[in-house]
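Colleague:
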Amino acid sequence: MTADAISGSGPASGSLAAKPLRLLVLEADTPQPNTNAKYGGYRGVFTALLTAGAKALDPPRPLADLASITALNIVEDTQSYPPLDEVDAILITGSRHTAFDNDPWILKLVEYAKQAIDSGRIRVVGVCFGHQIIGRAMGAPVGKSDKGWEIAVTDVDLTDKGKAIFQLDKMRIHQMHRDVVLEFPKDAIPLGGNQICPVQAMYSPGRYITVQGHPEFTAEIVGEIVTNRHKAGIFTDDVYTDALSRLSNEHDGVAIAKAFLNFMRHG
Numbered sequence: 001m002t003a004d005a006i007s008g009s010g011p012a013s014g015s016l017a018a019k020p021l022r023l024l025v026l027e028a029d030t031p032q033p034n035t036n037a038k039y040g041g042y043r044g045v046f047t048a049l050l051t052a053g054a055k056a057l058d059p060p061r062p063l064a065d066l067a068s069i070t071a072l073n074i075v076e077d078t079q080s081y082p083p084l085d086e087v088d089a090i091l092i093t094g095s096r097h098t099a100f101d102n103d104p105w106i107l108k109l110v111e112y113a114k115q116a117i118d119s120g121r122i123r124v125v126g127v128c129f130g131h132q133i134i135g136r137a138m139g140a141p142v143g144k145s146d147k148g149w150e151i152a153v154t155d156v157d158l159t160d161k162g163k164a165i166f167q168l169d170k171m172r173i174h175q176m177h178r179d180v181v182l183e184f185p186k187d188a189i190p191l192g193g194n195q196i197c198p199v200q201a202m203y204s205p206g207r208y209i210t211v212q213g214h215p216e217f218t219a220e221i222v223g224e225i226v227t228n229r230h231k232a233g234i235f236t237d238d239v240y241t242d243a244l245s246r247l248s249n250e251h252d253g254v255a256i257a258k259a260f261l262n263f264m265r266h267g
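The numbering used here applies: residue 1 is where the sequence shown begins, and numbers increase by one.
Laid out in structure tokens, this is it:
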């Protein structure tokens with residue numbers, strides 16, 4: 001793909017339609033067993049999300065016309081990061097791991113994300129753990145929230161820029177986190193926040209877009225996580241019951257997927 005097509009500095013529709021983006025999904029975890037069996041890893045989960053987003057575009061598009069997707073499990077295979085000139089966009093998934101730890105694979109991911117963002121060509125998308133990794137790569141502090149877990153569908157108040165990018169007045173999004181980005185990076189445009197987590201979404205034109213929540217999650221996916229973590233003693237009865245009460249609420253995953261695709265194509 002040409003630099004014009006990626007940067008958006010040339011005609012957006014013609015060159016992008018001619019050659020799909022090379023999207024690399026960096027899988028920072030493996031889904032719960034039932035979800036993994038259904039989707040085949042987080043690549044499959046995000047492919048399903050982006051497929052729905054592409055169908056919701058005006059006019060609708062097949063995802064294959066917009067992006068060719070490859071994936072790398074960066075927890076298990078830390079030596080195989082592709083050269084950055086072989087990718088046009090990167091999506092960093094969620095994870096049960098901690099973005100502010102200093103495990104070698106996490107440090108390598110932070111550096112790779114920083115190099116991609118600083119390239120000025122590659123569009124980087126971060127979801128939950130990926131949102132935190134990008135915050136860390138851009139110099140923002142990341143830590144554990146003093147407000148505890150945020151789980152299942154919650155509301156996020158959007159800034160004016162957030163409303164424009166997501167085409168929503170308020171964002172409803174599945175959550176599954178206790179770690180947070182504590183401050184917006186200096187280069188970031190805030191897109192949204194709420195009382196539990198003020199840094200919920202952020203954007204740097206042509207460089208990155210992130211959300212703390214999980215647009216790719218469904219009630220089924222979250223239900224499996226919540227049930228298994230409750231059985232394991234990670235979630236208390238109260239946390240579990242509260243999560244179940246909001247599990248099936250409507251959410252804006254498809255609208256967020258459309259925003260991701262528009263960002264990857266146009267910046």
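Even glycine gets a Cβ: it sits at the ideal position worked out from N, Cα and C.
Please classify Gly10 as buried or exposed, where buried requires at least 16 other C-beta atoms within 10 Å of its C-beta.
Modeller: Counting from one through the sequence shown, the residue named residue 10 turns up at place 10. Its pLDDT being 31, under 50, Gly10 is placed unreliably in this model, and the value from its coordinates should be taken loosely. When all chains shown are included, Gly10 counts as exposed.
Colleague: Can you tell me where the alpha helix (DSSP H) holding Met264 begins and where it ends?
Modeller: Along the sequence shown, one-based indexing puts residue 264 at 264. First-last of the alpha helix (DSSP H) with Met264: 253 to 266.
Colleague: Assign Arg96 to one of two classes, buried (16 or more other C-beta atoms within 10 Å of its C-beta) or exposed (fewer than that).
Modeller: Along the sequence shown, one-based indexing puts residue 96 at 96. Classification for Arg96: exposed.
Colleague: Based on Cα-Cα distance, which residue from Val222, Thr70, Trp149, Arg123 lies nearest to Tyr208?
Modeller: Taking the first residue of the sequence shown as 1, we reach residue 208 at position 208. That would be Arg123, whose Cα lies nearest to the Cα of Tyr208.
Colleague: Skipping 5 residues on each side, what residues in its chain have a beta carbon closer than 6 Å to that of Gln175?
Modeller: If you number the sequence shown from 1, residue 175 lands on position 175. Closer than 6 Å at Cβ, skipping near neighbours: Glu150, Ile151, Thr154, Gly213.
Colleague: Per DSSP, which residues does His214 bridge with? Please list them.
Modeller: The residue given as residue 214 occupies position 214 in the sequence shown. Its beta-bridge partners are His174.
Colleague: From this set, Phe184, Gly192, Pro185, which residue's C-alpha is nearest Thr159's C-alpha?
Modeller: As a first step, residue 159 must be located in the sequence shown, where it is residue number 159. It is Gly192.
Colleague: Between the stretch 164 to 179 and the stretch 247 to 259, can you find at least three pairs of beta-carbon atoms closer than 8 Å?
Modeller: The stretch 247 to 259 vs the stretch 164 to 179: in contact.
Colleague: On the premise that Val75 lies in contact with Phe46, defined as a C-beta separation below 8 Å, what is that separation, rounded to the nearest angstrom?
Modeller: Start at 1 with the first residue of the sequence shown, and residue 46 comes out as number 46. Start at 1 with the first residue of the sequence shown, and residue 75 comes out as number 75. That belief does not hold up - the Cβ atoms of Phe46 and Val75 are roughly 16 Å apart, past 8 Å.
Colleague: Quick check on DSSP: helix, strand or coil for Lys38?
Modeller: For this step, residue 38 is matched to residue 38 along the sequence shown. Note: Lys38 maps to helix in three-state DSSP.
Colleague: Are the CB atoms of Ala201 and Phe129 within a distance shorter than 8 Å?
Modeller: Residue mapping note: residue 129 aligns to position 129 of the sequence shown, counting from 1. Residue mapping note: residue 201 aligns to position 201 of the sequence shown, counting from 1. It is not a contact, given that the beta carbons lie outside the stated cut-off.
Colleague: Please state whether the Cβ-Cβ distance between Phe263 and Gly53 is less than 8 Å.
Modeller: The residue given as residue 263 occupies position 263 in the sequence shown. The residue given as residue 53 occupies position 53 in the sequence shown. No. Outside cutoff.
Colleague: Within this structure, are the beta carbons of Gly41 and Ala67 separated by less than 8 Å?
Modeller: Here residue 41 refers to the residue found at position 41 of the sequence shown. Here residue 67 refers to the residue found at position 67 of the sequence shown. No. Outside cutoff.
Colleague: Quick check on the DSSP output: what are the complete beta strand (DSSP E) runs of length 3 or more inside the stretch 28 to 90, in order along the chain?
Modeller: Counting only runs of 3 or more, we get 67 to 73.
Colleague: Name the residue from Leu182, Pro205, Gly206 whose alpha carbon lies nearest to the alpha carbon of Ile196.
Modeller: In the sequence shown, counting from the first residue as 1, residue 196 sits at position 196. Ranking the options by Cα distance to Ile196, first place goes to Leu182.
Colleague: According to DSSP, simplified to helix, strand and coil, what is Leu244?
Modeller: Here the question's residue 244 lines up with position 244 in the sequence shown. Helix at Leu244.
Colleague: With C-beta atoms as the reference, is Ala99 less than 8 Å away from Asp179?
Modeller: By 1-based counting over the sequence shown, the position of residue 99 is 99. By 1-based counting over the sequence shown, the position of residue 179 is 179. Yes, the pair counts as a contact, with Cβ atoms nearer than the cut-off.
Colleague: So within the stretch 128 to 162, which uninterrupted beta strand (DSSP E) runs reach at least 3 residues, ignoring any that extend past its ends?
Modeller: The stretch 128 to 162 contains these whole beta strand (DSSP E) runs: 142 to 144, 150 to 158.
Colleague: Which partner residues of Ser119 appear in the DSSP bridge assignment?
Modeller: As a first step, residue 119 must be located in the sequence shown, where it is residue number 119. Paired residues: none, contrary to the question.
Colleague: Rounded to a whole number of angstroms, what is the C-alpha to C-alpha distance between His266 and Gly206?
Modeller: Translated into positions along the sequence shown, residue 266 becomes position 266. Translated into positions along the sequence shown, residue 206 becomes position 206. Cα to Cα, the separation comes out at about 8 Å.
Colleague: Who are the near neighbours of Arg246 in its chain, counting only those whose CB is closer than 6 Å to its CB and skipping five residues on each side?
Modeller: If you number the sequence shown from 1, residue 246 lands on position 246. Excluding positions up to five away in sequence, the list reads Ala152, Val153.
Colleague: Who are Pro104's beta bridge partners in DSSP?
Modeller: As a position in the sequence shown, residue 104 is number 104, starting the count at 1. Bridge partners of Pro104: none, in fact.
Colleague: If you follow the beta strand (DSSP E) that Ala201 is part of, which residue opens it and which one closes it?
Modeller: Start at 1 with the first residue of the sequence shown, and residue 201 comes out as number 201. That run of the beta strand (DSSP E) goes 201 to 204.
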